[in-house]
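Working notes, beginning with the structure itself.
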Amino acid sequence: MSQFEIIKNFNTIKKNLKKNFTDLKKIRIGIVGDSSTQLLNQSIRGYGFDEDYNFEIYEADYDQLDGQLLDTSSGLYKFAPEFVIIFESSQKLAKRFYKSDKAKFSEMHIEKVNNYISNISKHLNSKIIYFNFPEVNDSIFGNFSNKIEYSFIYQTRKINYELMNICIQNKNLFILDYSIINAQYGKNFIIDSKIYYTNDMTISLDALPLIAKNITDIIAALTGKFKKCIILDLDNTLWGGIIGDDGIENIQIGDLGIGKVFTELQTWIKQLKERGIVLAVCSKNNEATAKDPFKNHPDMVIRLEDIAVFVANWNNKADNIRYIQSILNIGFDSMVFLDDNPAEREIVRKNLPQVLVPELPDDPSLFLDYLQKLNLFETASFSKEDLERTKLYQDEAGRFMVQKNFTNEDEFLASLSMSSEVKEFNKFNIPRVAQLSQRSNQFNLRTVRYSEEDVEQISRSEKYATFSFSLKDKFGDIGIICIIILEKRKDSLFIETWLMSCRVLKRGMENFTLNTIVKYAKEKGYNTIIGEHILTSKNGMVVDHFKNLGFRSSGNKWELKVNNYKEKKYHIKII
Amino acid sequence: METTEILGQVNIIFKEVLDNQELVINQETSANDVDDWDSLTHIQLIVAIEKYFKIRFKANEIQSFKNVGEMCSFIKLKLE
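Line by line, the protein sequences are chains Z and Y.
Quick note on my numbering: the first sequence kicks off at 1 and runs consecutively.
Quick note on my numbering: the second sequence kicks off at 1001 and runs consecutively.
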């Protein structure tokens, strides 16, 4: 792959179809399209292999949207996919448009879309991934189309705009932004006219892997796999030149030389930080020299307070990234490392293969476009906590430093002055609860993922008791860090979900949480609490969780008799 | 380029696209003779040939080849 190619070509990913999918994560997908979808099917399954997914795909017969989506006895409904991908081509859209009452076309189309969605939502527990439409200049009015409500471009844009509004209202609907992909790569790349006219294939072979990637990015984000952190080199990555050699007046940012390249890159990175991506620095430099521009250069966009962990020394970068990981306590596979130096990139790739290291182009003026095209930061949710995440990690770095001074763990915990607020799920905490369920992989006993709609239903249901736990200490407010969902059975409570943020391991939260559950059980007259651990590749750390808390094993579950329970100790005050 | 050289290259392309390193084709080979050469893989073969030889087929050309020999003649014409 050349340094400008972002993904493998179709032929290469097709070869994955013959490989062994056995140990990969199974996800059921239904594809419904009004043009030819066979190669799209192969691309999605083949691409998914490289991302450790075993996509089991039901591909609806050609051009059967109404039949598959409105008839609840159709093959699609029988297959019961977790994701339904709906792909309507702009070619068929144009055909319908020209025959229609043009000024009302977008309205009618949106009504049809709403009908499909409400049908799917009533009968399937699926997320829907809907393609929007590329903007097509049919040259009937030229640029004047913009002044005509019944022009194709006006109606297309209106449809795309309304699709965004519907998906803001509907938590299970996600848009595959095909329009943007067309804008980024161009119509000539996305469409190969001769295969369209002869085979009704509206996506070229070159573009198929790209579409497969974007679909996989959305599914990955919805199943808990996403990037949480960027680790940044400094010299010739965040500014032009070398701070140690050139001095602060001569590094290129702002108007100096090609400074604008780096100013725009920094602006983009800062926006990522503001939406919850954590920034770290890993630079081969003297620490004071490296920090100087952040403190004192007027054109720097990223400032010291934007960086959660700042590492500048002469050590091996792989070791430094291991250190950063130990402070942030997130997976290596949720980190992205940016460095202009190919040798440094190679060292990190070899030593830490799970870290994503983009192969930056030689010319820094191409960095930003390249990075944006990689679509690194797909997300499934966005909550208030995202805005404050950097501060949370900076607070955590503070705790880490202080802990080194205590040899007695008990004294350390007492010194933190921790307090916790316990609340059932309510309209204020539902987004955060859903988000935690999607992000949490390690301290997660059953790895059940919930959308906001799922959480809302649970909070209203008589069948469940819900608890959210927040944690505060003298360093700061960590927000909601633990979720418990209990299913009420006749005499017992089944722990359907017990998950906790890894940031609060070893603080006594497990004990505090169990005490809360037992107290509830006693108040409501349940005599047994039942727990279950479903092993995944990421939650091995909690394999002995119930055993350590005093549960007894019972078949493949764990049981605790409430009457035998002795209250456990912790240094957390209830508020 | 001579037809035999073109045939050699097309053979390599067939092996790669159909993922079969044992495959040997000649001028008379048609889709009936090769497993996996169907309408879908035909598209991949056409696109791979276009990329390799840096030529472009027209829409009415891609379905018109009776056998590999005709494909190679077409390629030779486009290269001149």
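We treat Cβ as the ideally placed atom computed from N, Cα and C, and that holds for glycine.
Nothing here was measured: the structure is a model prediction, and the numbers come from that model.
Exercise. Kindly list the residues whose CB is nearer than 8 Å to the CB of residue 1024 of chain Y, restricted to its own chain and excluding five residues on each side of it in sequence; keep chain order.
Key: Around residue 1024 of chain Y: 1011.
Quiz prompt | Interface partners of residue 47 of chain Z on chain Y, CB under 8 Å | solution = Neighbourhood of residue 47 of chain Z in chain Y, by CB distance below 8 Å: empty, with the nearest CB roughly 16 Å away.
Self-check item: residue 1028 of chain Y versus residue 183 of chain Z - alpha carbon distance
Solution: Cα atoms of residue 1028 of chain Y and residue 183 of chain Z: separation of roughly 44 Å, rounded to the nearest angstrom.
Practice problem: Run the CB neighbour count on residue 355 of chain Z, radius 10 Å, all protein chains shown included, and call it buried at 16 or more, exposed below. | Solution: Around the beta carbon of residue 355 of chain Z, 16 or more other beta carbons lie within 10 angstroms, which makes this residue buried.
Quiz item: With respect to the beta strand (DSSP E) encompassing residue 207 of chain Z, which residues constitute its N-terminal and C-terminal limits?
Solution: Premise fails: residue 207 of chain Z is in no beta strand (DSSP E) and is neither H nor E.
Practice problem: Within the segment 25 to 109 of chain Z, note down every full beta strand (DSSP E) run reaching 3 residues or more, in order along the chain. | Solution: Taking 3 residues as the shortest admissible run, the segment 25 to 109 of chain Z contains the following complete beta strand (DSSP E) segments, listed from N- to C-terminal end: 25 to 33, 53 to 59, 83 to 87.
Practice problem: Compare the C-alpha of residue 221 of chain Z against each of Z:450, Z:303, Z:238 and name the closest. | Solution: For residue 221 of chain Z, the nearest C-alpha among the options comes from Z:450.
Practice problem: Jot down the residue ranges of each uninterrupted beta strand (DSSP E) in the segment 501 to 542 of chain Z, minimum 3 residues, whole runs only, in chain order. | Solution: The segment 501 to 542 of chain Z contains these whole beta strand (DSSP E) runs: 528 to 531.
Exercise. List the residues of chain Z that residue 1074 of chain Y touches, going by C-beta distances under 8 Å, in chain order.
Key: Neighbours of residue 1074 of chain Y on chain Z: none; closest Cβ ~14 Å, over 8 Å.
Quiz item: Name the chain Y residues that come within less than 8 Å of residue 11 of chain Z, Cβ to Cβ?
Solution: Result: 1016, 1017, 1044, 1048.
Quiz item: So what's residue 552 of chain Z in DSSP terms, helix, strand or just coil?
Solution: In this structure, residue 552 of chain Z counts as strand in the three-state DSSP scheme.
Quiz prompt | Which of helix, strand or coil DSSP assigns to residue 4 of chain Z | solution = A caution first: residue 4 of chain Z carries a pLDDT of 42, below 50, which makes its placement in the model unreliable, though a value can still be read off. In the three-state reduction of the DSSP assignment, residue 4 of chain Z falls in the coil class.
Quiz item: Is the Cβ-Cβ distance between residue 231 of chain Z and residue 289 of chain Z less than 8 Å?
Solution: The answer is no: Cβ separation not under 8 Å.
Self-check item: For residue 420 of chain Z, three-class secondary structure by DSSP
Solution: If DSSP states are grouped into helix, strand and coil, residue 420 of chain Z belongs with the strands.
Self-check item: residue 1039 of chain Y: contacting residues in chain Z (beta-carbon distance under 8 Å)
Solution: Within chain Z, the residues near residue 1039 of chain Y are 199.
Quiz prompt | Bridge partners - residue 579 of chain Z, DSSP secondary structure assignment | solution = The structure shown has nothing for residue 579 of chain Z, since chain Z only spans 1 to 575.
Practice problem: Return the bridge partner residues of residue 651 of chain Z from the DSSP annotation. | Solution: As shown, chain Z starts at 1 and ends at 575. That puts residue 651 of chain Z outside it, with no answer to give.
Quiz item: Checking contacts by CB at 8 Å: is residue 394 of chain Z closer than that to chain Y?
Solution: No Cβ of chain Y is located within less than 8 Å of the beta carbon of residue 394 of chain Z.
Quiz item: Is residue 363 of chain Z near the ligand ZN, going by C-beta to nearest heavy atom under 7 Å?
Solution: With respect to the ligand ZN, the structure offers nothing, as it holds no ligand at all.
Quiz item: Taking Cβ positions only, does residue 1065 of chain Y come closer than 8 Å to chain Z?
Solution: So no, residue 1065 of chain Y is outside the interface.
Practice problem: Indicate whether at least one CB of chain Z lies closer than 8 Å to the CB of residue 1055 of chain Y. | Solution: In terms of beta-carbon proximity, residue 1055 of chain Y stays away from the interface with chain Z, with every pair separated by 8 Å or more.
Quiz item: From the beta carbon of residue 91 of chain Z, is the nearest beta carbon of chain Y less than 8 Å away?
Solution: So no, residue 91 of chain Z is outside the interface.
Quiz item: Which bits of chain Z does residue 1082 of chain Y rub up against, with CB to CB less than 9 Å?
Solution: Residue coverage of chain Y in this structure runs from 1001 to 1080, which leaves residue 1082 of chain Y outside it and unanswerable.
Exercise. Let me know the secondary structure DSSP gives residue 576 of chain Z once reduced to three states.
Key: Here chain Z covers residues 1 to 575 and nothing more, so residue 576 of chain Z does not appear.
Exercise. If I'm right that residue 423 of chain Z touches residue 468 of chain Z with Cβ under 8 Å, what's the distance once you round it to whole angstroms?
Key: At roughly 5 Å, the Cβ-Cβ gap stays under 8 Å, so residue 423 of chain Z and residue 468 of chain Z are in contact.
Quiz item: Taking the runs of the beta strand (DSSP E) that are 3 residues or longer, which of them lie wholly in the segment 383 to 417 of chain Z?
Solution: Runs found: none.
Exercise. Using three-state DSSP, classify residue 235 of chain Z as helix, strand or coil.
Key: Reduced to three states, the DSSP call for residue 235 of chain Z is strand.
Practice problem: Would you tell me roughly how many angstroms separate the C-alpha atoms of residue 411 of chain Z and residue 551 of chain Z, rounded to the nearest one? | Solution: Here the C-alpha atom of residue 411 of chain Z lies approximately 28 Å from the C-alpha atom of residue 551 of chain Z.
Quiz item: Does the Cβ of residue 194 of chain Z have 16 or more other Cβ atoms within 10 Å, making it buried, or fewer, making it exposed?
Solution: Classification of residue 194 of chain Z: buried, given that the 10 Å Cβ count is 16 or more.
Quiz item: Between residue 21 of chain Z and the rest of its own chain, which residues show a CB-CB distance below 8 Å, the 5 nearest in sequence each way excluded?
Solution: Excluding residues within five positions, the ones whose Cβ falls inside 8 Å are 49, 54.
Practice problem: State the DSSP-derived secondary structure class of residue 1069 of chain Y, mapped to helix, strand or coil. | Solution: Residue 1069 of chain Y: helix per DSSP, three-state reduction.
Quiz prompt | Short CB-CB distance (under 8 Å) between residue 210 of chain Z and chain Y | solution = Output row for residue 210 of chain Z: interface = no.
Quiz item: Between the C-alpha atoms of residue 556 of chain Z and residue 487 of chain Z, what's the straight-line distance to the nearest angstrom?
Solution: Cα-Cα distance, rounded: 18 Å.
Quiz item: Does the beta-carbon of residue 144 of chain Z have 16 or more other beta-carbons within 10 angstroms, so that it is buried, or is it exposed?
Solution: The residue is exposed, with fewer than 16 neighbouring Cβ atoms inside 10 Å.
Exercise. Kindly say whether residue 19 of chain Z, judged by its beta-carbon, lies nearer than 8 Å to any beta-carbon of chain Y.
Key: Answer no: the Cβ-Cβ gap between residue 19 of chain Z and chain Y never drops below 8 Å.
Exercise. State the DSSP-derived secondary structure class of residue 430 of chain Z, mapped to helix, strand or coil.
Key: Helix, per DSSP.
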